[in-house]
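Residue numbers (my numbering), protein chains in the order written: chain L, 1 to 226; chain G, 227 to 532. In what follows, a structure is listed as structure tokens, so that the remarks can point back to it.
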Amino acid sequence: MHIPDGYLSPQTYLPLYGAFIAVAAVAVKKVKEKFDRKMVPFLGMAASFSFLIMMFNIPIPGGTTGHAVGAAIIALLLGPWVAFIAVSVALIIQALVFGDGGITAIGANCINMAFVMPFTAWYAFKWIRGKTVSSTRISVAAFLSAYISLNVAALVTGIEFGIQPILASGPEGHPLYAPYPLGIAVPAMAIQHLFFFGFVEAIVTLLIFRYFEKNFPEMTEALKMA
Amino acid sequence: MIPSFLKEKETVSQARPSNRRNFNFVDRTAKNMAAFMLTSMRQWNASRRAGLLQGLDARVKVVFVIVYIILVSLTHKVEFQLMLSGLFFLLFLASKINPLSVYLKITGLAFFFGFIVFIPATLNLFAPGEIIFLIAQFEKERTWLVYHIPKEIGVTREGLLLVARISLKVFNSISLTFLLTSTTGFEQILKALKMLKVPDIFLLTLSLSYQYIFIFSQTILETYQALKMRWWERGARAETNAILSGRMGYLFRKSWEKYDQVYHSMVARGYTGEISLYHPGALRLRDYLFLSIAALLFTACLFFFL
Numbered sequence: 001m002h003i004p005d006g007y008l009s010p011q012t013y014l015p016l017y018g019a020f021i022a023v024a025a026v027a028v029k030k031v032k033e034k035f036d037r038k039m040v041p042f043l044g045m046a047a048s049f050s051f052l053i054m055m056f057n058i059p060i061p062g063g064t065t066g067h068a069v070g071a072a073i074i075a076l077l078l079g080p081w082v083a084f085i086a087v088s089v090a091l092i093i094q095a096l097v098f099g100d101g102g103i104t105a106i107g108a109n110c111i112n113m114a115f116v117m118p119f120t121a122w123y124a125f126k127w128i129r130g131k132t133v134s135s136t137r138i139s140v141a142a143f144l145s146a147y148i149s150l151n152v153a154a155l156v157t158g159i160e161f162g163i164q165p166i167l168a169s170g171p172e173g174h175p176l177y178a179p180y181p182l183g184i185a186v187p188a189m190a191i192q193h194l195f196f197f198g199f200v201e202a203i204v205t206l207l208i209f210r211y212f213e214k215n216f217p218e219m220t221e222a223l224k225m226a
Numbered sequence: 227m228i229p230s231f232l233k234e235k236e237t238v239s240q241a242r243p244s245n246r247r248n249f250n251f252v253d254r255t256a257k258n259m260a261a262f263m264l265t266s267m268r269q270w271n272a273s274r275r276a277g278l279l280q281g282l283d284a285r286v287k288v289v290f291v292i293v294y295i296i297l298v299s300l301t302h303k304v305e306f307q308l309m310l311s312g313l314f315f316l317l318f319l320a321s322k323i324n325p326l327s328v329y330l331k332i333t334g335l336a337f338f339f340g341f342i343v344f345i346p347a348t349l350n351l352f353a354p355g356e357i358i359f360l361i362a363q364f365e366k367e368r369t370w371l372v373y374h375i376p377k378e379i380g381v382t383r384e385g386l387l388l389v390a391r392i393s394l395k396v397f398n399s400i401s402l403t404f405l406l407t408s409t410t411g412f413e414q415i416l417k418a419l420k421m422l423k424v425p426d427i428f429l430l431t432l433s434l435s436y437q438y439i440f441i442f443s444q445t446i447l448e449t450y451q452a453l454k455m456r457w458w459e460r461g462a463r464a465e466t467n468a469i470l471s472g473r474m475g476y477l478f479r480k481s482w483e484k485y486d487q488v489y490h491s492m493v494a495r496g497y498t499g500e501i502s503l504y505h506p507g508a509l510r511l512r513d514y515l516f517l518s519i520a521a522l523l524f525t526a527c528l529f530f531f532l
């Protein structure tokens with residue numbers, strides 16, 4: 001899901017940088033209201049946790065392993081605004097240290113994985129859970145919220161790829177950036193996430209969420225919402 | 227006297243797994259953690275060599291990389307992208323970075339993200355063009371929803387050019403990122419970002435989390451090495467899951483403790499909630515010289531190739 005440099009046209013990455021800066025300003029304000037002086041060390045902790053969660057591999061039936069984006073579980077544990085900053089910082093470190101995700105695409109990657117995903121997970125969890133205290137339903141809500149959020153983020157990424165031939169084409173109609181139209185880019189992103197990566201994200205989220213529900217319910221933001 | 231925990235019955239089975247694949251996730255997680263530390267250390271070492279880019283101010287390098295990544299993104303001529311590849315290769319050499327190891331990584335990333343992903347775009351399914359290699363021929367062309375299948379499917383000249391262009395763009399962009407990270411410490415990059423008006427609060431968070439990641443990577447690596455010493459049986463998925471979630475929970479608890487300790491140490495050193503990073507010093511003559519040459523080249527490229 002990390003978009004590299006060269007895929008997106010300036011018509012896409014510049015507005016997404018703008019959107020990222022605007023959301024970051026709101027997120028900093030929201031988090032500061034809650035944590036005040038403790039904000040910086042807290043965000044540092046949340047970002048490093050978010051980064052490391054992405055590195056944990058889990059065994060997947062069939063003999064392979066996979067890792068999660070982690071944005072859904074971070075949103076459920078720490079709330080969506082903290083998740084936005086934490087996952088953004090993790091993505092920036094990945095881009096600057098590993099070259100994982102492009103520099104021009106930092107805005108797009110942060111909007112997709114640090115904004116769309118945590119907020120979708122948060123509201124999906126809220127909606128599926130309702131007002132129940134049933135542990136089974138809460139677990140189902142955690143699983144589905146992660147699954148849905150990753151797929152929504154993949155859909156947004158697919159749309160960003162798919163609009164490139166419309167936004168930037170050469171004089172003979174040849175695409176200058178990501179060449180696949182919406183009809184190819186969206187299904188390509190959707191299918192792999194609907195049938196594989198979505199389940200990996202959901203399983204990782206469920207595993208961690210259940211651990212926290214059992215051991216640290218007071219530290220889990222999603223459990224405080226009802 | 228024997229402590230009580232030593233008398234407890236072992237809950238994790240110690241049988242060797244009959245299926246090695248069951249254990250892959252431990253190896254891979256440990257490998258990820260080790261890779262992070264190793265990459266950071268290599269970059270730290272490389273950024274201290276006496277090379278061309280290492281001798282420049284981090285702000286100059288950040289501006290150079292950002293401006294040239296935009297240039298790579300804006301220009302669409304293959305010959306121009308090849309020229310830039312040559313320029314970046316010379317910069318790696320002048321900065322005394324081992325080209326073999328760095329280009330293995332760059333080529334690997336560019337091959338996957340820039341080439342493999344876009345191979346289907348060489349076909350005339352996505353954009354019309356002159357077919358130079360026919361793959362399939364049908365009686366008539368077909369249209370289904372938004373999909374159009376032409377009478378003849380094949381690799382086009384224009385398609386090959388398109389994939390070469392995108393692959394080179396990805397290759398050059400990754401090269402630029404590696405040029406920056408191989409010659410500049412992470413902390414220096416953060417200080418340079420201050421010039422781009424990135425808020426101090428964001429920079430400090432980045433800096434703190436980078437340091438936390440180091441500490442916790444070490445912790446996780448040690449934990450996973452210990453886990454590897456104690457094999458567990460194939461098929462004990464519930465047990466594996468409990469161990470995994472326990473590790474992640476442990477990590478969260480440790481992170482939380484560390485955050486609390488860091489906050490109290492910050493307060494003890496006079497932290498009041500106001501953050502202001504130190505302003506970096508003035509640029510030197512060689513910084514201005516490098517910037518001037520880069521700006522001249524940039525203008526020439528825009529003039530001739532855009």
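Backbone N, C-alpha and C fix where the C-beta goes; we use that ideal spot for every residue, glycine too. These figures come from a predicted structure and were not determined experimentally.
Tell me the rounded alpha-carbon separation between residue i and residue j.
{"i": "L/Q192", "j": "G/F341", "result": "19 angstroms"}
{"i": "G/R247", "j": "G/D253", "result": "With a pLDDT of 49 at G/R247, under the threshold of 50, the modelled position of that residue is not reliable, and no figure is offered here."}
{"i": "L/S48", "j": "G/I439", "result": "5 angstroms"}
{"i": "L/V133", "j": "L/A72", "result": "20 angstroms"}
{"i": "G/E378", "j": "L/P179", "result": "20 angstroms"}
{"i": "L/Y13", "j": "L/G107", "result": "7 angstroms"}
{"i": "G/I375", "j": "L/I3", "result": "29 angstroms"}
{"i": "L/S135", "j": "L/R210", "result": "9 angstroms"}
{"i": "G/L278", "j": "L/A68", "result": "39 angstroms"}
{"i": "G/L422", "j": "G/I358", "result": "48 angstroms"}
{"i": "G/L419", "j": "G/K233", "result": "56 angstroms"}
{"i": "G/N350", "j": "L/A90", "result": "39 angstroms"}
{"i": "G/G411", "j": "G/L300", "result": "28 angstroms"}
{"i": "G/Y485", "j": "L/P41", "result": "5 angstroms"}
{"i": "L/E213", "j": "L/A190", "result": "30 angstroms"}
{"i": "L/F125", "j": "G/S327", "result": "45 angstroms"}
{"i": "L/V200", "j": "G/L470", "result": "14 angstroms"}
{"i": "G/V298", "j": "L/I21", "result": "23 angstroms"}
{"i": "L/K228", "j": "L/F115", "result": "As displayed, chain L neither begins before 1 nor continues past 226, which places residue 228 of chain L out of reach and without an answer."}
{"i": "L/G158", "j": "L/Y7", "result": "12 angstroms"}
{"i": "G/V289", "j": "G/Y476", "result": "40 angstroms"}
{"i": "L/P118", "j": "G/G334", "result": "31 angstroms"}
{"i": "L/R137", "j": "L/R129", "result": "6 angstroms"}
{"i": "G/M259", "j": "L/I208", "result": "19 angstroms"}
{"i": "G/Y436", "j": "G/I427", "result": "14 angstroms"}
{"i": "G/I296", "j": "L/Q164", "result": "16 angstroms"}
{"i": "G/A508", "j": "G/L282", "result": "12 angstroms"}
{"i": "G/V343", "j": "G/V396", "result": "12 angstroms"}
{"i": "L/A46", "j": "L/K224", "result": "18 angstroms"}
{"i": "G/L432", "j": "G/T407", "result": "15 angstroms"}
{"i": "G/Y373", "j": "L/G18", "result": "34 angstroms"}
Provide the residue(s) that pair with residue i in DSSP beta bridges, ordered along the chain.
{"i": "G/H374", "result": "G/T369"}
{"i": "G/A362", "result": "G/I379"}
{"i": "L/P175", "result": "L/S169"}
{"i": "L/L182", "result": "In the DSSP output, where bridge partners are listed per residue, L/L182 has none listed."}
{"i": "G/I357", "result": "G/T382"}
{"i": "G/L349", "result": "G/V381"}
Anyone know if the C-beta pair for residue i and residue j falls short of 9 angstroms?
{"i": "G/T409", "j": "L/G99", "result": "no"}
{"i": "G/F315", "j": "G/S401", "result": "yes"}
{"i": "G/S311", "j": "L/D5", "result": "no"}
{"i": "L/P80", "j": "L/W122", "result": "yes"}
{"i": "G/L447", "j": "G/A284", "result": "no"}
{"i": "G/S491", "j": "G/F442", "result": "no"}
{"i": "L/G102", "j": "L/N112", "result": "no"}
{"i": "L/A27", "j": "L/F84", "result": "yes"}
{"i": "G/E356", "j": "G/R383", "result": "yes"}
{"i": "G/Y497", "j": "L/R37", "result": "yes"}
{"i": "L/V87", "j": "L/S50", "result": "yes"}
{"i": "L/V140", "j": "L/V82", "result": "no"}
{"i": "G/A533", "j": "G/L388", "result": "Residue 533 of chain G is absent from the structure shown; chain G starts at 227 and stops at 532."}
{"i": "L/M219", "j": "G/F478", "result": "yes"}
{"i": "G/L386", "j": "G/T348", "result": "yes"}
{"i": "G/I415", "j": "L/Y177", "result": "no"}
So residue i and residue j are supposed to be a Cβ contact under 8 angstroms. How far apart are they, rounded?
{"i": "G/L434", "j": "L/G44", "result": "3 angstroms"}
{"i": "L/L144", "j": "L/F197", "result": "Not really, about 15 angstroms apart at Cβ, beyond 8 angstroms."}
{"i": "G/L405", "j": "G/F306", "result": "That belief does not hold up - the Cβ atoms of G/L405 and G/F306 are roughly 18 angstroms apart, past 8 angstroms."}
{"i": "L/L78", "j": "L/E221", "result": "6 angstroms"}
{"i": "L/A146", "j": "L/A202", "result": "4 angstroms"}
Starting from the N-terminal side, write out each stretch of the alpha helix (DSSP H) that is 4 residues or longer and does not extend beyond the segment 41 to 129 of chain L. 71 to 78, 80 to 93, 106 to 110, 117 to 129
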